[in-house]
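Working notes, beginning with the structure itself.
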Amino acid sequence: MNTLFDTTAMRAAKAALTGLSRRQEAISANVANIDTPGYTRRAVSFEGALEAEVMRSQGAAAPGELVRTDAAHLAHRGGSQLGGAGASGDVTRDVVSARNDGNTVSVDEEMLLLVETQLRYQALTQSVGRRLSTLRSVIRG
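Just so you know, we're using this note's numbering here: the sequence shown kicks off at 744 and counts up by one.
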(Lines of atoms letter the chains of each structure in order from A and count residues from 1; the text may use other names and numbers.)
(Lines give C-alpha, C1' and ligand atoms only; values in the text may rest on other atoms or scores of the structure.)
Protein backbone atom coordinates (compact mmCIF):
# COMPACT_ATOMS: atom_id res chain seq x y z
CA MET A 1 0.00 0.00 0.00
CA ASN A 2 1.44 3.35 -1.05
CA THR A 3 0.79 5.96 1.61
CA LEU A 4 2.21 9.37 2.38
CA PHE A 5 4.99 7.72 4.36
CA ASP A 6 5.67 4.76 2.06
CA THR A 7 7.16 6.55 -0.93
CA THR A 8 10.22 5.73 -2.95
CA ALA A 9 12.02 8.66 -1.32
CA MET A 10 11.17 7.51 2.21
CA ARG A 11 12.14 3.89 1.47
CA ALA A 12 15.39 5.11 -0.09
CA ALA A 13 16.08 7.32 2.93
CA LYS A 14 15.47 4.38 5.27
CA ALA A 15 17.80 2.15 3.27
CA ALA A 16 20.47 4.88 3.14
CA LEU A 17 20.24 5.47 6.90
CA THR A 18 20.60 1.73 7.46
CA GLY A 19 23.63 1.62 5.17
CA LEU A 20 25.21 4.62 6.90
CA SER A 21 24.61 3.00 10.30
CA ARG A 22 26.33 -0.18 9.13
CA ARG A 23 29.23 1.91 7.80
CA GLN A 24 29.48 3.61 11.21
CA GLU A 25 29.64 0.19 12.89
CA ALA A 26 32.41 -0.93 10.52
CA ILE A 27 34.39 2.25 11.17
CA SER A 28 33.98 1.77 14.93
CA ALA A 29 35.20 -1.81 14.65
CA ASN A 30 38.18 -0.67 12.59
CA VAL A 31 39.16 1.98 15.15
CA ALA A 32 38.64 -0.44 18.04
CA ASN A 33 41.02 -2.90 16.37
CA ILE A 34 43.69 -0.35 15.45
CA ASP A 35 46.28 -2.21 17.54
CA THR A 36 45.16 -5.76 16.70
CA PRO A 37 47.89 -7.55 14.73
CA GLY A 38 46.62 -9.00 11.45
CA TYR A 39 43.28 -7.15 11.56
CA THR A 40 41.90 -6.40 8.11
CA ARG A 41 39.99 -3.16 7.67
CA ARG A 42 36.24 -3.52 6.99
CA ALA A 43 34.28 -1.24 4.68
CA VAL A 44 30.55 -0.94 3.94
CA SER A 45 29.47 -0.09 0.42
CA PHE A 46 25.79 0.43 -0.35
CA GLU A 47 25.46 3.47 -2.61
CA GLY A 48 25.60 1.55 -5.91
CA ALA A 49 22.99 -0.98 -4.81
CA LEU A 50 20.79 1.79 -3.42
CA GLU A 51 20.97 3.78 -6.66
CA ALA A 52 20.08 0.69 -8.70
CA GLU A 53 17.10 -0.08 -6.46
CA VAL A 54 15.81 3.50 -6.63
CA MET A 55 16.12 3.54 -10.42
CA ARG A 56 14.41 0.15 -10.63
CA SER A 57 11.55 1.25 -8.35
CA GLN A 58 10.97 4.29 -10.57
CA GLY A 59 10.80 2.10 -13.67
CA ALA A 60 14.16 3.25 -14.99
CA ALA A 61 17.00 0.91 -15.73
CA ALA A 62 20.10 1.05 -13.65
CA PRO A 63 23.33 1.30 -15.64
CA GLY A 64 24.04 -2.05 -17.29
CA GLU A 65 20.70 -3.56 -16.29
CA LEU A 66 18.38 -5.51 -18.57
CA VAL A 67 14.99 -3.92 -19.15
CA ARG A 68 11.76 -5.84 -19.73
CA THR A 69 10.06 -3.93 -22.56
CA ASP A 70 7.09 -6.25 -23.12
CA ALA A 71 4.87 -8.25 -20.75
CA ALA A 72 5.50 -11.37 -22.86
CA HIS A 73 9.24 -11.21 -22.21
CA LEU A 74 10.79 -13.31 -19.47
CA ALA A 75 11.17 -11.48 -16.18
CA HIS A 76 14.58 -10.98 -14.60
CA ARG A 77 14.70 -13.04 -11.41
CA GLY A 78 17.66 -11.34 -9.72
CA GLY A 79 15.87 -8.18 -8.54
CA SER A 80 15.16 -7.24 -4.97
CA GLN A 81 12.90 -4.79 -3.20
CA LEU A 82 14.11 -1.38 -2.13
CA GLY A 83 15.75 -1.74 1.24
CA GLY A 84 16.86 -5.32 0.57
CA ALA A 85 20.20 -6.74 1.64
CA GLY A 86 22.18 -4.96 -1.06
CA ALA A 87 20.75 -1.57 -0.19
CA SER A 88 21.46 -1.93 3.51
CA GLY A 89 25.18 -2.29 2.93
CA ASP A 90 27.52 -5.08 2.07
CA VAL A 91 30.43 -5.42 4.47
CA THR A 92 33.66 -6.08 2.65
CA ARG A 93 37.22 -6.40 3.78
CA ASP A 94 39.22 -3.62 2.20
CA VAL A 95 42.88 -4.60 1.98
CA VAL A 96 45.12 -1.57 1.74
CA SER A 97 48.75 -1.23 2.67
CA ALA A 98 49.38 -3.26 5.78
CA ARG A 99 51.68 -2.28 8.61
CA ASN A 100 54.48 -4.56 9.73
CA ASP A 101 52.06 -6.37 12.07
CA GLY A 102 49.60 -7.02 9.21
CA ASN A 103 46.99 -4.50 10.40
CA THR A 104 45.45 -2.51 7.51
CA VAL A 105 43.67 0.22 9.52
CA SER A 106 44.72 3.85 9.13
CA VAL A 107 43.31 5.97 11.95
CA ASP A 108 43.45 9.12 9.78
CA GLU A 109 41.45 7.47 7.01
CA GLU A 110 38.91 6.08 9.48
CA MET A 111 38.40 9.48 11.14
CA LEU A 112 37.85 11.08 7.73
CA LEU A 113 35.29 8.41 6.81
CA LEU A 114 33.64 8.80 10.21
CA VAL A 115 33.12 12.55 9.73
CA GLU A 116 31.83 12.03 6.18
CA THR A 117 29.40 9.34 7.35
CA GLN A 118 28.16 11.51 10.22
CA LEU A 119 27.57 14.47 7.89
CA ARG A 120 25.65 12.33 5.41
CA TYR A 121 23.56 10.78 8.18
CA GLN A 122 22.79 14.19 9.68
CA ALA A 123 21.84 15.67 6.28
CA LEU A 124 19.57 12.72 5.54
CA THR A 125 17.83 12.83 8.92
CA GLN A 126 17.27 16.57 8.51
CA SER A 127 15.79 15.98 5.05
CA VAL A 128 13.43 13.30 6.36
CA GLY A 129 12.53 15.56 9.29
CA ARG A 130 11.63 18.40 6.94
CA ARG A 131 9.50 16.02 4.85
CA LEU A 132 7.64 14.81 7.93
CA SER A 133 7.25 18.38 9.19
CA THR A 134 5.71 19.37 5.86
CA LEU A 135 3.29 16.44 6.04
CA ARG A 136 2.39 17.38 9.61
CA SER A 137 1.66 20.97 8.50
CA VAL A 138 -0.53 19.76 5.65
CA ILE A 139 -2.47 17.40 7.92
CA ARG A 140 -3.04 20.06 10.59
CA GLY A 141 -4.04 22.63 8.00
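Glycine residues also receive a C-beta, built at the ideal position from the N, C-alpha and C atoms.
Rounded straight-line distance, which links the Cα of residue j to that of residue i
i	j	result
A769	D778	16 Å
S840	N773	15 Å
E852	V797	29 Å
I882	T860	33 Å
R842	S876	49 Å
Minimum C-alpha distance to residue i - residue among the options
i	options	result
V858	R754, S876 and S764	S764
R754	V848, R799 and R883	R799
S771	E796, V797, V787 and A752	V787
T761	V850, G884 and R863	R863
N776	S849, F789 and E790	S849
Per-residue DSSP class, three states only, for residue i
i	result
Q801	coil
A866	helix
A841	coil
T877	helix
T847	coil
G884	coil
T779	coil
T860	helix
Cβ-based neighbour list, residue i, same chain, cut-off 7 Å, excluding 5 preceding and 5 following
i	result
A759	L793 and L867
Same chain, Cβ closer than 8 Å to residue i, five either side skipped, listed in chain order
i	result
T751	V797, S800, Q801 and L825
L855	none
Same chain only: Cβ atoms within 6 Å of residue i, ignoring 5 sequence neighbours per side
i	result
V871	A756
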